[in-house]
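Chains as they are written, first to last, in this note's numbering: chain A, 22 to 196; chain B, 9 to 197.
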């Protein structure tokens, strides 16, 4: 869940629409199930495309495939070289909210952060450009670069085509 | 992993995401990491270092590079290189992965794809010995429809190095892929 929040703003990485934590009926307090509501992509995933190719005896046009692959690489890069949330989030935690107009008001943690999400999107594009400039300069600015490994890259991820929702479950280990 | 809206890929299934690098400082952590990998990541696409996590190792983002290599291969061929290899040889998937035992379908044991790559690949794979790059066929004229550009194959080869340090990092991979795309302008089949 944390991961969905961290990367929610990154283009090319899925964002969660909503989530809920539920305790199964009859289960003890410790075992909670987190339901995450994710966007539905009607074109399916890469595995579906591979399967379609196998069935039809067709292949990916190489160039198209590599362009697609490059897109995945770029998304993965933003995870491997995570530069912090584009808007106030990361900075806010570092305590220099004054670089953002109105940053002071957003220092509150927890649930408040969700409220800033629409703001995040607005400023996304702007930050994108800025990020482009920072690239190649190594660890820059507040907090430097954190790195995350996805650890489960494969063609066929994600939910099955449920009508418009997809509810994977994640089990919380602690808290 | 990729959902497709138009032509934009989307990375998903973030349940497995972990901070990197993760130094394996204790046997307990080694086992925990291995268990997590077994639970969260898919075997044919899982990097060799996650099959047998050793104390003293560092698990980092190179595991994703491996998976990217498997993914690209799967797009070209139809399934993970190690699924294919273990189907062919009857060996277990994990042995194929940890031995780096895979190859392109048009590069059978008797065939010569190009001596250079054989040498290169074999050097990183000890005890493989199935396909020795002997012979001297110049062009890798593949018999069937599976003709894959040499440049793309090279990307896969680079990603599927058993030794994580030998794999490119994401920047290098992006640069490679960009080069490949440049080289592919127009030519499609």
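Glycine included, every Cβ here is placed at the ideal spot set by N, Cα and C.
Just so you know, these numbers come straight off a predicted model, no measurement behind them.
Exposed unless 16 or more other CB atoms sit within 10 angstroms - verdict on residue 161 of chain B: buried
Bounding residues of the alpha helix (DSSP H) (the contiguous stretch that carries residue 54 of chain A): Where residue 54 of chain A is concerned, there is no enclosing alpha helix (DSSP H), although the beta strand (DSSP E) it sits in stretches over 53-58.
Interface flag, residue 77 of chain A vs chain B, CB-CB below 8 Å: Taking 8 Å as the threshold, the shortest C-beta distance from residue 77 of chain A to chain B does not fall below it.
Contact list for residue 42 of chain A against chain B, beta-carbon separation under 8 Å: The contacting residues do not exist; residue 42 of chain A stays about 15 Å from chain B at best.
Three-state secondary structure (DSSP) of residue 16 of chain B: strand
Helix, strand or coil at residue 156 of chain B [DSSP, three-state]: coil
Coil, strand or helix - residue 104 of chain A by DSSP: coil
Contact set for residue 75 of chain B: own chain, Cβ-Cβ below 6 Å, skip 5 residues either direction: 53
DSSP three-state assignment for residue 48 of chain B, whether helix, strand or coil: Residue 48 of chain B falls in the helix class under three-state DSSP.
Where residue 87 of chain B falls: helix, strand or coil (DSSP): In this structure, residue 87 of chain B counts as coil in the three-state DSSP scheme.
Contact set between the stretch 37-71 of chain B and chain A, restricted to residues whose Cβ is under 9 Å from the partner: 44, 45, 48, 49, 50, 52, 53, 54, 55, 58, 67, 68, 69, 70, 71
Neighbour list for residue 178 of chain B in chain A, Cβ cutoff strictly below 8 Å: 94, 97, 98, 101, 102
Residue 34 of chain B - DSSP class collapsed to helix/strand/coil: coil
Selection from A:173, A:87, A:171 that minimises the alpha carbon distance to residue 16 of chain B: A:87
C-beta neighbour in chain A for residue 181 of chain B, strict 8 Å: yes
Whole-angstrom distance between residue 33 of chain A and residue 92 of chain A, CA atom to CA atom: So the alpha carbons of these two residues sit roughly 7 Å apart.
Which listed residue (A:52, A:41, A:45, A:61) has its alpha carbon closest to that of residue 21 of chain B: A:61
Proximity of residue 81 of chain B and residue 104 of chain B at Cβ, strictly below 8 Å: no
Within 8 Å, strictly: CB atoms of residue 28 of chain B and residue 68 of chain B: yes
Chain A within 8 Å of residue 150 of chain B, Cβ atoms only: Residue placement at residue 150 of chain B is flagged as unreliable, the pLDDT there being 39, under the threshold of 50; the coordinate-derived value follows with that caveat. Output row for residue 150 of chain B: interface = no.
Amino acids of chain A, ordered along the chain, whose beta-carbon sits closer than 7 Å to that of residue 192 of chain B: 83, 84, 87
Proximity winner among A:37, A:56, A:73, A:38, relative to residue 64 of chain A (alpha-carbon distances): The shortest C-alpha separation from residue 64 of chain A is found at A:73.
Three-way DSSP call (helix, strand, coil) for residue 114 of chain B in this model: coil
Under 8 Å between C-beta atoms of residue 172 of chain A and residue 26 of chain B: yes
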